[in-house]
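In terms of my numbering, the sequence shown opens at residue 2 and continues consecutively. Glycine included, C-beta positions come from ideal geometry on N, C-alpha and C. Computed from a predicted structure; not experimentally measured. This report refers to the structure that appears directly beneath it.
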Amino acid sequence: MTVPAPPPQLLTPLDHALAWARAGEPVALATVTGTWGSSPRPAGSCMAINARGAVEGSVSGGCVETDVMTHAQDIMAGSPAQTLEYGVSSARAWEVGLACGGRLDVQVEAINSPACPTGTFPLALLEQVCACMANRQAAALVRLHNGAQHALVVQTEQGSTVQFGTCPPEICNAAHARLQHGRSGAEADATGQEWFVQPLVPAPRLLIVGAVHIAQSLARMASMVGLAPIVIDPRSALATVQRFPGLVPGQTLLTEWPDEAMQALGVDPMTAIATLTHDAKLDDPTLEEALRSPAFYIGALGSRKTQASRMERLRTLGFAEAELARIRGPIGLAIGAVGAEEIALSILADIVAVRRQAPLARARGWQYP
2 MTVPAPPPQL
12 LTPLDHALAW
22 ARAGEPVALA
32 TVTGTWGSSP
42 RPAGSCMAIN
52 ARGAVEGSVS
62 GGCVETDVMT
72 HAQDIMAGSP
82 AQTLEYGVSS
92 ARAWEVGLAC
102 GGRLDVQVEA
112 INSPACPTGT
122 FPLALLEQVC
132 ACMANRQAAA
142 LVRLHNGAQH
152 ALVVQTEQGS
162 TVQFGTCPPE
172 ICNAAHARLQ
182 HGRSGAEADA
192 TGQEWFVQPL
202 VPAPRLLIVG
212 AVHIAQSLAR
222 MASMVGLAPI
232 VIDPRSALAT
242 VQRFPGLVPG
252 QTLLTEWPDE
262 AMQALGVDPM
272 TAIATLTHDA
282 KLDDPTLEEA
292 LRSPAFYIGA
302 LGSRKTQASR
312 MERLRTLGFA
322 EAELARIRGP
332 IGLAIGAVGA
342 EEIALSILAD
352 IVAVRRQAPL
362 ARARGWQYP
């Protein structure tokens, strides 16, 4: 199976694990399978470790990583997969990163490959998992806590289906339910056997249409809060790596027309769209495409007058009021922003509020309800 390579800044611990395994190295995966009390990392957080001691990702705030790495080396050397239990008293909580005390369970298993034939996590499964993530296809990784059985449940338009391995129907149904909210956790099958279900939803991303001054700040800030930025502008004089350092031409810095680029990218429910061009030739096709998509956020820069004209043009194209209500414009929360950096901050705050369904997300037209 050919796995598309994501841009460097989007690589996950699973991507690193696959690259190491394909390079002939022993690799282990450590996954948080349970948390009680305070924990710096939620269930589903993972860390990849290779035999050289290289690490990508984390399973805590640094308090248990060293011990997990030690066990991972033993498991890569032939020891069985293991779930490590870490209990932390409130008295020691601040020392180890669990602010109020608590417990953390971490499953550690090696990738089964020529370099590690005793591993329990199939390399072919890892390839399919990474392919799903690269293609932004929602899927759930399910496994028994002892590493004896694994499956990959993929979300489809009709529901969910098992793409790799086998699992009981009730676990497949539970995986489908967890894909809707994205939270990992344990599920019991009809026999009482416990499975860990780890949703792998597409990483959130922000499509920024218009390589303008505000976009330069917004792209930088988006990365800081976990939104992968993609800047789109057919004006190649503006969409340059000099103005957007860190973005990759042809991958995260695109010079196609916005509607064509969005069709090629495939807008999904984990996509936010912000159009900043002030140019109807670019804004209108962007908003038409956005309104036909399941994007979780659509925002457009411009004055109230500009927004009113824009909405009227979209009405003439047949969009209903309920559809047009998805467009947040003028874009951004009413924080009194001045200058490109503060406007970018107000836009990003609005995106976060909508994504988290915060009360501020009800703010419309720079007026609070």
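How would you label N136, buried or exposed, when you count the other beta carbons within 10 angstroms and need 16 or more for buried? Residue mapping note: residue 136 aligns to position 135 of the sequence shown, counting from 1. N136 should be labelled exposed.
Anyone know if the C-beta pair for V143 and W196 falls short of 8 Å? Taking the first residue of the sequence shown as 1, we reach residue 143 at position 142. Taking the first residue of the sequence shown as 1, we reach residue 196 at position 195. Result yes, Cβ atoms of V143 and W196 sit closer than 8 Å.
What's the gap between the Cα of G330 and the Cα of C173? Translated into positions along the sequence shown, residue 330 becomes position 329. Translated into positions along the sequence shown, residue 173 becomes position 172. About 40 Å.
Taking the beta carbon of A350 as the centre, do at least 16 other beta carbons fall within 10 Å, making it buried, or is it exposed? Taking the sequence shown and counting its residues from 1, one reaches residue 350 at position 349. Label assigned to A350: buried.
Would you call the segment 122-141 in contact with the segment 43-51, where contact means no fewer than 3 C-beta pairs closer than 8 Å? no
Where does the unbroken alpha helix (DSSP H) through N174 begin, and where does it stop? As a first step, residue 174 is located in the sequence shown; it is residue number 173 there, counting from the start. Run containing N174: P170 to H182, per the alpha helix (DSSP H) assignment.
Among P246, A140, Q181 and H214, nearest to S224 - alpha-carbon criterion: Here residue 224 refers to the residue found at position 223 of the sequence shown. For the residues P246, A140, Q181 and H214, the minimum Cα distance to S224 belongs to P246.
With I50 as the anchor, note down where its beta strand (DSSP E) starts and where it stops. If you number the sequence shown from 1, residue 50 lands on position 49. Here the beta strand (DSSP E) through I50 covers C47 to N51.
What is the DSSP secondary structure of S114, counted as helix, strand or coil? Taking the first residue of the sequence shown as position 1, residue 114 is located at position 113. Strand, per DSSP.
Which residue's Cα is closest to the Cα of S59: A82, E26, P14 and H177? For the purposes of this step, residue 59 is identified with residue 58 of the sequence shown, where counting begins at 1. Ranking the options by Cα distance to S59, first place goes to P14.
Nearest-angstrom Cα separation, counted from H72 out to Y87: Reading the sequence shown from its first residue, position 86 is the one you call residue 87. Reading the sequence shown from its first residue, position 71 is the one you call residue 72. Taking the straight line joining both Cα atoms gives about 13 Å.
Would T34 and H146 qualify as a contact pair, given that the criterion is a beta-carbon distance under 8 Å? In the sequence shown, the residue the question calls residue 34 occupies position 33. In the sequence shown, the residue the question calls residue 146 occupies position 145. The answer is yes: Cβ separation under 8 Å.
Specify whether the segment 285-292 and the segment 253-260 touch according to this definition: at least 3 beta carbon pairs, one from each stretch, less than 8 Å apart. yes
Alpha carbon to alpha carbon, how far is A275 from Q164? Give it in angstroms, no decimals. Within the sequence shown, numbered from 1, the residue matching residue 164 stands at position 163. Within the sequence shown, numbered from 1, the residue matching residue 275 stands at position 274. Cα-Cα distance, rounded: 35 Å.
What would DSSP say about Q217, mapped onto helix, strand or coil? One-based indexing of the sequence shown puts residue 217 at position 216. Three-state result, Q217: helix.
Of the choices D190, Q74, S46 and I76, whose alpha-carbon is the least far from that of G62? On the sequence shown, residue 62 is found 61 positions in, with the first residue counted as 1. Ranking the options by Cα distance to G62, first place goes to S46.
Nearest-angstrom Cα distance between D190 and V198? To locate residue 190, count along the sequence shown from 1; it is residue 189. To locate residue 198, count along the sequence shown from 1; it is residue 197. Those two C-alpha atoms are separated by around 12 Å.
Taking Cβ positions, are A238 and L254 nearer each other than 8 Å? Taking the sequence shown and counting its residues from 1, the one referred to as residue 238 is at position 237. Taking the sequence shown and counting its residues from 1, the one referred to as residue 254 is at position 253. No. Outside cutoff.
Can you tell me which of the three DSSP states S294 falls into? Working through the sequence shown from its first residue, we reach residue 294 at position 293. For S294, the three-state secondary structure derived from DSSP is coil.
Going by C-alpha distance, which of Q181, T167, A149 and E171 is nearest E158? Stepping through the sequence shown from its first residue, residue 158 is reached at position 157. Minimum Cα distance to E158 is reached at Q181.
Whose C-beta lies closer than 8 Å to the C-beta of M271 among residues of the same chain, with five residues either side of it excluded? Within the sequence shown, the letter at position 270 stands for residue 271. Excluding sequence neighbours, M271 sits near R137, V202, P203, A204, P205, R206 and F297.
Ordered along the chain, which non-local residues of its own chain (more than five positions away) have a Cβ less than 8 Å from that of R236? The residue labelled residue 236 in the question sits at position 235 within the sequence shown. These residues qualify, in order along the chain: A212 and T256.
Buried or exposed: D68, going by 16 or more other Cβ atoms within 10 Å of its Cβ? Indexing the sequence shown from 1 puts residue 68 at position 67. D68 comes out exposed.
How is the alpha helix (DSSP H) around S161 delimited, first residue to last? For the purposes of this step, residue 161 is taken as residue 160 along the sequence shown, with counting starting at 1. Boundaries around S161 are those of the beta strand (DSSP E), G160 to G166, since no alpha helix (DSSP H) includes it.
Just mark T36 as buried or exposed, buried being the case when its beta carbon has 16 or more other beta carbons within 10 Å. Stepping through the sequence shown from its first residue, residue 36 is reached at position 35. Its Cβ being crowded by 16 or more others within 10 Å, T36 is buried.
Using DSSP bridges, identify the partner residues of F197. Here residue 197 refers to the residue found at position 196 when the sequence shown is read from its first residue. Answer is R144 and A187, bridged to F197.
Under the three-state reduction of DSSP, which class applies to Q108: helix, strand or coil? The residue you call residue 108 lines up with position 107 of the sequence shown. If DSSP states are grouped into helix, strand and coil, Q108 belongs with the strands.
Can you name the residues that DSSP bridges to W37? The sequence position of residue 37 within the sequence shown is 36, counting from 1. DSSP output for W37 lists R104 as bridge partner(s).
Per DSSP, A362 is paired with what? Taking the sequence shown and counting its residues from 1, the one referred to as residue 362 is at position 361. In the DSSP output, where bridge partners are listed per residue, A362 has none listed.
According to DSSP, H17 sits in a beta bridge with which residue or residues? By one-based count along the sequence shown, residue 17 stands at place 16. Paired residues: none, contrary to the question.
Identify which residue in Q243, V210 and C64 has its Cα closest to the Cα of A273. Mapped onto the sequence shown, residue 273 falls at position 272. Looking at the Cα atoms, V210 is the closest of the given residues.
CB L19 to CB L127, shorter than 8 Å? Taking the sequence shown and counting its residues from 1, the one referred to as residue 19 is at position 18. Taking the sequence shown and counting its residues from 1, the one referred to as residue 127 is at position 126. Taking 8 Å as the Cβ cut-off, L19 and L127 qualify as a contacting pair.
Can you check which of these residues, V242, E26, M222 and Q156, is closest to G183 by C-alpha distance? Within the sequence shown, the letter at position 182 stands for residue 183. The shortest Cα separation from G183 among V242, E26, M222 and Q156 belongs to Q156.
Name, in chain order, the residues that DSSP records as bridge partners for T121. By 1-based counting over the sequence shown, the position of residue 121 is 120. None; T121 has no bridge partner.
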